[in-house]
Amino acid sequence: MKHAPFADRSPGSIALVGAGPGARDLLTLRAVARLAAADVVFYDRLVDPEVLSLAPQAEHVFVGKEVGAHSWPQDRINAVIVAAALQGRRVVRLKSGDPSIFGRACEELDAARSVGIAVEIVPGITAASAAAAALGRPLTERGATDRLVIATATCKPGDPDPELAALLTPGTTLALYMAMHRLPLLVAQMLAAGHDPALAVEVVGSASTSREAVLRCTLANLVARVAEAVLGNPAILLIRHPKAAAVATRRAIALVV
Numbered sequence: 001m002k003h004a005p006f007a008d009r010s011p012g013s014i015a016l017v018g019a020g021p022g023a024r025d026l027l028t029l030r031a032v033a034r035l036a037a038a039d040v041v042f043y044d045r046l047v048d049p050e051v052l053s054l055a056p057q058a059e060h061v062f063v064g065k066e067v068g069a070h071s072w073p074q075d076r077i078n079a080v081i082v083a084a085a086l087q088g089r090r091v092v093r094l095k096s097g098d099p100s101i102f103g104r105a106c107e108e109l110d111a112a113r114s115v116g117i118a119v120e121i122v123p124g125i126t127a128a129s130a131a132a133a134a135l136g137r138p139l140t141e142r143g144a145t146d147r148l149v150i151a152t153a154t155c156k157p158g159d160p161d162p163e164l165a166a167l168l169t170p171g172t173t174l175a176l177y178m179a180m181h182r183l184p185l186l187v188a189q190m191l192a193a194g195h196d197p198a199l200a201v202e203v204v205g206s207a208s209t210s211r212e213a214v215l216r217c218t219l220a221n222l223v224a225r226v227a228e229a230v231l232g233n234p235a236i237l238l239i240r241h242p243k244a245a246a247v248a249t250r251r252a253i254a255l256v257v
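Using the UniProt record's numbering, read the sequence shown as starting at 1 and increasing by one per residue.
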């Protein structure tokens, strides 16, 4: 199947494009093509201005949201992107990371499809992958962590707090998005569930950008260390719970060395 930019689509079209973690050169070739062909780009708060420069001919419209300060309600975003497409315009909805991961893509896909607008998803590199690159360490390690769980610590108003501690089983790397404002609750949940206070935690802020910052600590001192650090936004949290056999092997190697 060919993926020519906005090929023969009427009355207009929408592409939900992943802008990746921040660095412009981490966009996919398809994302660059969609931006180059766009008539209008609706972009998020976390999209780097350098990425917008890839669509110099397009109108740029900011529709950013922030935890606790949603200046653009989702219904309004749905309405404006659909209205632009119904005018026959080639619309790019530019989202940080990957549109399919905590990107509110479902609402925008449904809005477009409900009026017969052609819509596609253009994947992007997600923050967890960029964090692994910044750390120089894979998200999964054979024999130690063979399971990757991606979750968010943010929930809709009125919903119960997410039970994140249950996700961190032996052999798991837990990648937490939008968690920095809930660290005390997260740590309390983890410790109450019996998790080892010495579990390794890594925090990466503004991964892949010039503001990138890395913090390595433990579950026990996570809150204090983050309070002392200067971390960019957004930041992603990685908590690793290796299998017991892997921990024992590493300890044995350390003793021999």
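The beta-carbon is built from N, C-alpha and C at its ideal position, and this holds for glycine as well.
Which value, in whole angstroms, describes the spacing of the CA atoms of ILE253 and GLY97? A caution first: ILE253 carries a pLDDT of 44, below 50, which makes its placement in the model unreliable, though a value can still be read off. One C-alpha to the other measures close to 38 Å.
In angstroms with no decimal places, state the Cα-to-Cα distance between GLN74 and VAL63. 9 Å
To the nearest angstrom, how far is the alpha carbon of LEU139 from that of GLN87? 44 Å
Any heavy atom of the ligand SAH closer than 6 Å to the Cβ of MET178? Of the ligands one can find in the structure shown there are none, so the ligand SAH has no counterpart to examine.
Tell me whether the beta-carbon of ARG240 lies closer than 7 Å to the beta-carbon of ALA200. yes
Under DSSP, the alpha helix (DSSP H) around GLU50 begins and ends at which residues? 49-52
Under the assumption that THR172 contacts THR145 (Cβ atoms under 8 Å), give the Cβ distance between them as a whole number of angstroms. 6 Å
Same chain, Cβ closer than 8 Å to ALA192, neighbours up to 5 away in sequence not counted: ALA165
Does the beta-carbon distance from LEU46 to VAL32 come in below 7 Å? no
Whose CA, out of PHE42, LEU52, ALA105 and PRO197, lies closest to the CA of ALA85? PHE42
Environment of LEU109 [buried if 16+ CB atoms lie within 10 Å]: buried
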